[in-house]
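Protein chains in written order, with this note's numbering: chain D, 516 to 892; chain X, 281 to 432. Report on the structure given below.
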Amino acid sequence: MSVAELKERHLAATETLNNLKQRLNQTRRSLLDTDVAGYARSQGKSAVTFGPTDLVCCRTLQGHTGKVYSLDWTSEKTRIVSASQDGRLIVWNALTRQKIHAIKLPCAWVMTCAFSPTGQSIACGGLDNACSIFNLNSTTDKDGNLPVTRMLSGHKGYISSCQYVPDEDTHLITGSGDQTCVLWDITTGLKTSVFGGEFQSGHTADVLSVSINGSNSRIFASGSCDATARLWDTRVASRAVRAFHGHEGDVNSVKFFPDGNRFGTGSEDGTCRLFDIRTGHQLQVYSQKHSDDKTHPVTSIAFSISGRLLFAGYTNGDCYVWDTLLAKVVLNLGSLQDSHEDRVTCLGLAADGSALCTGSWDTNLKIWAFGGHRRVI
Amino acid sequence: MILYGVHQRFLRHPSSYQRLSLCIQISLLLNHRFSGSSSSLKFSLWKMQSGGPESASPITNRVQSLSSAETRGKHRVHAEVKRLEQEARFLEEELEQLERMDKASAPCKETLNNVETRPDPLLPSTIGPLNPSWDRWFEGPQESKGCRCWIL
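Written out as structure tokens, the structure reads:
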């Protein structure tokens with residue numbers, strides 16, 4: 516085929532694709548008869564109301580000397596691992612605020628960290644394009660540093676996000692600046708599957724976040740600089756189950772909804788969204804201008820254990836608490852006493868849902884819990 | 281200082297992470313003469329200087345490299361066309377599925393039902409059962425005996 520014929524075919528394929536996308540958008544719009552807030556209002560639901568001392572900062576974890584970029588709780592609900600610009604991981608006892616481990620990293624440019632399901636290992640990755648695994652039971656070396664147990668190498672770009680597959684210390688999913696996600700076998704250090712990339716259908720820009728479905732660990736979602744989120748089945752690496760459009764900027768954060776049938780996203784466009792995985796519908800947009808009458812990018816999101824609350828950190832230091840059903844901001848952790856002094860970069864909920872941990876550019880982590888009077892319905 | 285400034289920039293512009301990573305990798309490679317692209321550059325220099333049968337005049341080299349560049353370009357466009365056509369097939373499948381899909385009200389209703397049936401320690405009003413351990417954050421002294429050491 517000549518170059519001219521190829522170019523014609525390229526043009527025709529592009530036009531076909533654009534037409535199909537338009538038709539898809541129109542069909543989807545026609546199926547959006549309501550959103551979550553509209554339905555909730557029709558059922559007479561009213562927004563969550565917090566008293567002034569209900570959600571409070573009950574712990575501040577101090578010790579990092581650089582910006583905190585990532586955090587993760589253990590499944591036994593007490594320990595947290597955090598990653599910082601200071602080139603260290605710290606494992607905290609969140610209750611006592613004590614530092615259990617301080618791990619100096621071989622590559623200081625860390626962007627993500629995760630606890631294994633048993634709490635015995637930690638994974639982290641960043642600009643070294645590799646995911647390092649540390650076993651917390653290992654003997655430290657002569658300098659007092661914990662050695663790297665396994666290095667997961669193979670990505671051609673930075674590691675933006677990582678999460679262990681639930682109930683398995685042996686498998687991990689990473690998201691990368693090379694536009695792919697990878698499922699790793701930690702025992703062998705080899706890739707089990709690659710999602711997306713040059714020869715497969717997938718993201719067309721850096722992957723910034725991954726989240727595994729807590730109800731079905733074969734399903735995970737990814738968010739990307741291509742402004743989409745994608746749903747993947749680990750048994751089918753050749754293509755995404757579905758792509759979710761709607762955001763107008765990088766999707767910085769994705770998190771599965773507690774019921775496993777929906778996931779939330781937070782974006783550079785300043786909005787959070789809720790998507791349904793079965794139908795592909797965008798169920799809700801969470802958008803509100805801030806006190807300066809501007810929109811600010813969302814850095815990170817987390818859901819409360821029921822899904823009723825959506826926590827969203829923004830680049831201006833706000834940390835909105837959204838009522839997910841009524842799509843209203845019911846609290847701003849950024850305006851409370853003892854709040855962070857700079858942008859919140861990461862959020863995580865304790866395994867029993869009793870506390871939220873936030874990490875910030877101010878080098879601290881904070882624990883937030885409900886300290887008011889609880890009413891049982 | 282340069283690295284610090286670069287680092288700040290990488291945090292503000294996520295879409296330039298990959299370029300930044302490449303810059304850092306290149307600077308690292310410059311310090312390692314026998315790895316990656318450095319070794320292929322040395323090999324090319326060796327070939328040009330060796331005078332062996334594979335070496336040719338600079339003009340012929342340039343013509344050969346243009347032709348191979350054109351072939352590589354055709355391959356890339358062909359691969360891109362294949363990718364576009366495959367994406368179109370996926371979208372057609374999705375359109376067919378949408379014809380039979382529930383409206384948004386169905387998953388909205390499901391969302392509301394699921395949210396209201398789960399106890400939530402962070403809500404002022406929640407269904408039971410309550411778990412006493414939810415309040416462990418407010419038991420005992422909070423501020424005393426905490427670890428305040430700075431990691432250097």
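Just so it is clear, CB atoms sit at the ideal spot from N, CA and C, and this is done for glycine as well.
Review point. What residues match up with Q678 of chain D in a beta bridge as DSSP calls it?
Key: D:I688
Review point. Taking the Cβ atom as the reference point for each residue, do V813 of chain D and C834 of chain D lie within a distance shorter than 7 Å?
Key: no
Check your understanding: In the structure shown, what three-state DSSP assignment does A645 of chain D receive?
Key -> strand
Check your understanding: Just by C-beta distance, which residues in the region 760-784 of chain D are closer than 8 Å to chain X?
Key -> D765, N767, F772, P773, D774, N776, R777, E783
**Study point:** Outcome for M516 of chain D when other beta-carbon atoms lying within 10 angstroms are tallied against a minimum of 16
**Key:** exposed
Check your understanding: Is it true that the CB of V769 of chain D sits closer than 7 Å to the CB of S739 of chain D?
Key -> no
Check your understanding: In chain order, what residues of the same chain have a beta carbon less than 8 Å from the beta carbon of T580 of chain D, not counting five sequence neighbours either side?
Key -> S599, D601, T878
Practice item. May I ask you to report which of helix, strand or coil DSSP gives V518 of chain D? Key: helix
Point to revise | Identified DSSP bridge partners for Y829 of chain D | key: D:V813
**Study point:** Nearest-angstrom Cα separation, counted from V395 of chain X out to T406 of chain X
**Key:** Their Cα atoms are separated by approximately 10 Å.
Exercise for review: Can you grab the Cα-Cα spacing for the pair L418 of chain X / L403 of chain X, in whole Å?
Suggested key: A small correction: the amino acid at residue 418 of chain X is Phe; Leu does not occupy that position in the sequence shown. Annotation: F418 of chain X to L403 of chain X spans about 16 Å, alpha carbon to alpha carbon.
Check your understanding: Nearest-angstrom Cα distance between R625 of chain D and Y554 of chain D?
Key -> Per the sequence shown, residue 625 of chain D should be read as Val rather than Arg. About 42 Å.
Check your understanding: According to DSSP, is G581 of chain D helix, strand or coil?
Key -> coil
Check your understanding: Alpha carbon to alpha carbon, how far is S590 of chain D from S631 of chain D?
Key -> 8 Å
Check your understanding: Do the region 822-831 of chain D and the region 538-547 of chain D meet, that is, are 3 or more Cβ pairs less than 8 Å apart?
Key -> no
Point to revise | Closest residue to G832 of chain D among D:V751, D:D807, D:L610, D:D550 (Cα-Cα distance) | key: D:D807
Review point. Who are the near neighbours of C677 of chain D in its chain, counting only those whose CB is closer than 8 Å to its CB and skipping five residues on each side?
Key: T627, C628, A629, A638, C639, G640, C646, L687, I688, T689, G690, V725
Exercise for review: For N907 of chain D, I'd like the list of residues in its chain whose CB is within less than 8 Å of its CB, leaving aside the five on either flank, ordered along the chain.
Suggested key: A query on residue 907 of chain D cannot be resolved here, the shown segment of chain D reaching from 516 to 892 and no further.
Point to revise | Paired residues, beta bridge with M666 of chain D - DSSP | key: Paired residues: D:S647.
Point to revise | Amino acids of chain X, ordered along the chain, whose beta-carbon sits closer than 8 Å to that of F565 of chain D | key: Chain order gives the chain X residues near F565 of chain D as P404, where near means a beta carbon separation below 8 Å.
Check your understanding: Beta-carbon separation of R665 of chain D and S716 of chain D under 7 Å?
Key -> no
Point to revise | V510 of chain D, enclosing alpha helix (DSSP H) - first and last residue | key: Outside the modelled stretch of chain D, which goes from 516 to 892, sits residue 510 of chain D, for which no answer is possible.
Practice item. Indicate whether at least one CB of chain D lies closer than 7 Å to the CB of R398 of chain X. Key: yes
Point to revise | When D:K522, D:N533, D:L586, D:Y584 are compared against F370 of chain X, the one with the closest alpha-carbon | key: D:N533
Review point. Is it buried or exposed for H355 of chain X, if we count other Cβ within 10 angstroms and need 16 for buried?
Key: exposed
**Study point:** Whole-angstrom distance between S653 of chain D and G729 of chain D, CA atom to CA atom
**Key:** Note on geometry: alpha-carbon atoms of G729 of chain D and S653 of chain D lie some 29 Å from one another.
Review point. Leaving out five residues before and five after S668 of chain D in sequence, what residues of the same chain have Cβ atoms less than 7 Å from its Cβ?
Key: A645
Review point. Roughly how many angstroms lie between the CA atoms of Q537 of chain D and E376 of chain X, to the nearest whole one?
Key: 14 Å
Practice item. Go ahead and pull the three-state DSSP assignment for H358 of chain X. Key: Here H358 of chain X sits in helix by DSSP.
**Study point:** Cβ shell of D658 of chain D (< 6 Å), same chain only, five flanking positions each side left out
**Key:** none
**Study point:** Nearest-angstrom Cβ-Cβ length linking L547 of chain D and H796 of chain D, presumed shorter than 8 Å
**Key:** Contact flag correct, Cβ pair sits at about 6 Å.
**Study point:** Enclosing alpha helix (DSSP H) for V563 of chain D [first to last residue]
**Key:** Run containing V563 of chain D: none; DSSP gives neither H nor E here.
Point to revise | Residues that DSSP places opposite H616 of chain D in a beta bridge | key: D:V606
Check your understanding: Around the Cβ of I820 of chain D, are there at least 16 other Cβ atoms within 10 angstroms (buried) or fewer (exposed)?
Key -> buried
Practice item. Taking all protein chains shown into account, decide if S597 of chain D is buried (16 or more other Cβ within 10 angstroms of its Cβ) or exposed. Key: buried
Practice item. Report all residues from its chain with a CB closer than 6 Å to the CB of C573 of chain D; omit the five preceding and five following residues, and keep chain order. Key: I882, A884
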